[in-house]
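In my numbering, the protein residues as written are 95 to 437.
Below is one structure; the comments refer to it alone.
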């Protein structure tokens, strides 16, 4: 329905939002169809193979990106602008297999899943090492908000995962203690690590530190984001029912605010689709794994408010990697979870 609405807006001349986002939503439709197919698929080995391919691809891109960042520290951020712009700057250097905006925000979902495995696995060192490797990659790539989301949601997983044996209770106590120390000393931590990281990330962390300390900000990323968000909010307030009906693309820094600005309350059709997929995945996994679904979609909701989230690599991790992970790593004795229809 939302795609039809976008087409209608384009046909009446309001083609800015259509031109900028139509292809992304077509990709999302395809990804949702693939997700539903594999949730219904009873071939466990096929699910396992696809999950392995997705994870190998993710880790290969991560390793390649890390190596390329040592040569060109800003390459991931350059790629976040556009492929054409990146090619102009990078010249003959190949940009294939290098993670950028979508990759790093999808990597947060991988981090959430690895944090769950860390809690339940016997060999915790492997998963702890992988999480540390991802953290190092985030620090090198200098995507500030992705780094913050990664740290925050890994902590949430480690604290709220519902396994309650004695070892995990002690582990959770230590995690809560570390988290409290981190929160209480966040300003000092930001000041300390800013000396050892890239200039862009250092500058943004200093801005974040000033924001936390209540200092007035006159410029920088936080100020510019607030201004961009306000443009979308004002457009939504001007016409709550249907916004600009696709006439403008707006700031491009918040999927939720931009949809409301472009299509008003009618844009809720998109949110309803994602809510249905959330319920669909949740209803088709073991009840003990509901926490991981809740936390992962909570992350996606937060991301959608602060950044564009309708990007194929992010949606693949949400709608394909997540349910495959649950059915492969949390497979019950019968082999396949009971399939339930939307409720």
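No residue lacks a Cβ here, since even glycine has one placed at the ideal position from N, Cα and C.
Model, not experiment: these values are computed from the prediction.
Starting from residue i, trace the alpha helix (DSSP H) in both directions and tell me its first and last residue.
i	result
residue 138	138 to 165
residue 205	195 to 214
residue 364	362 to 377
residue 394	384 to 400
residue 95	Careful: residue 95 lies outside any alpha helix (DSSP H) and carries neither H nor E.
residue 245	238 to 254
residue 173	169 to 173
residue 217	First-last for residue 217: undefined, no H or E at that position.
residue 407	406 to 410
Alpha carbons only, please: which of the options is nearest the one belonging to residue i?
i	options	result
residue 202	411, 387, 127	411
residue 294	274, 340, 357, 170	170
residue 98	120, 128, 199	120
residue 218	357, 360, 252	252
residue 421	287, 380, 324	380
residue 438	212, 357, 281, 297	Residue numbering for the chain in the displayed model covers 95 to 437; residue 438 lies beyond these limits and cannot be assessed.
residue 323	392, 372, 388, 402	402
residue 154	333, 278, 193	193
residue 281	269, 268, 270, 296	296
residue 241	271, 269, 302	302
residue 388	400, 378, 372	372
residue 415	319, 146, 165, 225	146
residue 197	275, 406, 354, 268	406
residue 325	285, 355, 102, 111	355
residue 375	328, 413, 116	413
residue 507	319, 320, 360, 287	Beyond the ends of the chain as shown, which are 95 and 437, falls residue 507; an answer cannot be given.
When we look at the beta-carbon of residue i and count the other beta-carbons within 10 Å, is it buried (16 or more) or exposed?
i	result
residue 352	buried
residue 382	exposed
residue 162	buried
residue 124	exposed
residue 386	buried
residue 220	exposed
residue 131	exposed
residue 331	exposed
residue 348	buried
residue 127	exposed
residue 255	buried
residue 191	exposed
residue 270	exposed
residue 175	exposed
residue 133	buried
residue 100	buried
residue 159	buried
residue 434	At residue 434, the pLDDT of 39 sits below 50, so the modelled position is not reliable and the matter cannot be decided from this model.
residue 236	buried
residue 272	exposed
residue 350	buried
residue 318	exposed
Report yes or no: is there a C-beta of chain B within less than 8 angstroms of the C-beta of residue i?
i	result
residue 283	The chain inventory of the structure shown lacks chain B, comprising one protein chain alone.
Please determine whether the Cβ atom of residue i lies at a distance below 7 angstroms from any heavy atom of the ligand MN.
i	result
residue 202	Within the structure as shown, the ligand MN is missing, as the structure has no ligands at all.
For the structure I just gave you, are there three or more beta carbon pairs, one from the segment 101 to 108 and one from the segment 386 to 397, closer than 8 angstroms? Contact fails: fewer than three Cβ-Cβ distances are below 8 angstroms.
Going along the chain, which unbroken runs of the beta strand (DSSP E) with 3 or more residues stay wholly within the segment 318 to 353? none
Counting Cβ pairs closer than 8 angstroms, one from the segment 201 to 215 and one from the segment 235 to 251, do we hit at least three? As far as the Cβ criterion goes, the segment 201 to 215 touches the segment 235 to 251, which means the pair count is three or higher.
Could you tell me whether the segment 229 to 246 touches the segment 263 to 270, where touching means 3 or more Cβ pairs closer than 8 angstroms? no
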